[in-house]
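K.L.:
Residue numbers (full-length UniProt numbering): 1 to 274.
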């Protein structure tokens, strides 16, 4: 998360770290995920790209600092992975996947499933300014801040826009610093921005489709980044006093750049699939 701060412990009890086995010995964080119920984790389809074997993954739940699993932390191996059958990695269409855990987790103060909004709340939530992103991803764009490109990046760049990490060793010590991944869960407040703005020639110039949402800050500075893919975009509804999951982090141009807010899967379009 770029432009965020450390989340209070237990603030986002549905946040999951999805980790992949490297060299057969240690797991490293690759993507975020969101707990649904007791044994399903929703994430981005591109996180699974080329890593479809459930045995190479684990989910870590109820964790605050990835380097220090506390008494509230649960680790689960994965029974199966279901990627949306129409996921297209060139365009990030239908960028969703579900991980089924081998065994259910116990709900606690630190491990709770997210709420999916009832139909009547979808519209207000998808226009909300009281929304939060969270994740263990990079806190700065790789190579610090490049000035935004003057010309709009052509679609072939899309492959580089994924917000999953190239699996580089993220444990145990100094590599954190060098890769600018945050071992401690970060959060940031964002607003849902009009697609007409984000998809205009000023911004993504038609790269967004109708099943996505755009969220962040138009002027830049607050965003998801590599390692945050698949993580939650939740919005607060005052009448019910709850947070609802309305998106999962999918892609972007750089991280936190002006005119390129983060693009999220619009989950209201995937209720049936889930």
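Quick reminder that beta carbons are idealized off the backbone N, C-alpha and C, glycines included.
Whose C-beta lies closer than 7 Å to the C-beta of residue 282 among residues of the same chain, with five residues either side of it excluded?
P.N.:
Within the shown structure, residues of the chain are numbered from 1 to 274, placing residue 282 beyond reach of any answer.
K.L.:
Out of curiosity, what's the CA-to-CA distance linking residue 190 and residue 76?
P.N.:
Cα to Cα, residue 190 sits roughly 30 Å from residue 76.
K.L.:
Could you give the DSSP three-state label for residue 183: helix, strand or coil?
P.N.:
DSSP places residue 183 in coil when its eight states are reduced to three.
K.L.:
Since residue 60 and residue 73 should fall inside the 8 Å C-beta cutoff, what is the C-beta to C-beta distance between them, to a whole number of angstroms?
P.N.:
At roughly 6 Å, the Cβ-Cβ gap stays under 8 Å, so residue 60 and residue 73 are in contact.
K.L.:
With a Cβ-Cβ cutoff of 8 Å, do residue 224 and residue 254 count as a contact?
P.N.:
Not a contact, by the Cβ cut-off of 8 Å.
K.L.:
Within the same chain, show all residues whose beta-carbon is closer than 8 Å to that of residue 69, passing over the 5 residues directly before and after it, in chain order.
P.N.:
60, 63, 75.
K.L.:
Could you tell me the alpha carbon to alpha carbon distance between residue 227 and residue 51, rounded to whole angstroms?
P.N.:
Straight-line Cα distance between these residues: approximately 15 Å.
K.L.:
Alpha carbon to alpha carbon, how far is residue 13 from residue 82?
P.N.:
Their backbone Cα atoms lie some 23 Å apart in a straight line.
K.L.:
With 16 other CB atoms within 10 Å as the buried threshold, where does residue 178 fall?
P.N.:
Confidence is the limiting factor: at residue 178 the pLDDT is only 42, short of 50, which leaves the residue's position unreliable, though a coordinate-based value still follows. It is exposed - the Cβ of residue 178 has fewer than 16 other Cβ atoms within 10 Å.
K.L.:
Decide if residue 5 is buried, meaning its Cβ has at least 16 other Cβ atoms within 10 Å, or exposed.
P.N.:
When all chains shown are included, residue 5 counts as exposed.
K.L.:
With distance defined between alpha-carbon atoms, name the residue in 125, 116, 31, 90 nearest to residue 48.
P.N.:
Residue 48 has its Cα closest to that of 31, out of 125, 116, 31, 90.
K.L.:
Got a sec? Which residues, its chain only, sit under 6 Å from residue 242 by beta carbon, not counting five neighbours each side?
P.N.:
Same-chain partners within the cutoff: 115.
K.L.:
For residue 159, which of helix, strand or coil comes out of DSSP?
P.N.:
Residue confidence for residue 159 is low, a pLDDT of 39 falling below 50, so the modelled location carries little weight and cannot support an answer.
K.L.:
Start and end of the beta strand (DSSP E) containing residue 19?
P.N.:
Looking at the DSSP string, the run of the beta strand (DSSP E) that includes residue 19 is 15-22.
K.L.:
Residue 57: buried (16+ other C-beta within 10 angstroms of its C-beta) or exposed?
P.N.:
Buried, because 16 or more other Cβ atoms sit within 10 Å of the Cβ of residue 57.
K.L.:
Can you check whether the CB of residue 214 is closer than 8 Å to the CB of residue 229?
P.N.:
Cβ atoms of residue 229 and residue 214: not closer than 8 Å.
K.L.:
Could you tell me if the beta carbon of residue 249 falls within a distance shorter than 7 Å of some heavy atom in the ligand GDP?
P.N.:
Only the bare structure without any ligand can be found here, which leaves the ligand GDP out of the picture.
K.L.:
What is the DSSP secondary structure of residue 225, counted as helix, strand or coil?
P.N.:
Looking at residue 225 - three-state DSSP - the assignment turns out to be coil, as it is neither helix nor strand.
K.L.:
Going by DSSP, what residue range makes up the beta strand (DSSP E) through residue 41?
P.N.:
Residues 40-43.
K.L.:
Between which two residues does the beta strand (DSSP E) containing residue 55 stretch?
P.N.:
Where residue 55 is concerned, there is no enclosing beta strand (DSSP E), given that its DSSP letter is neither H nor E.
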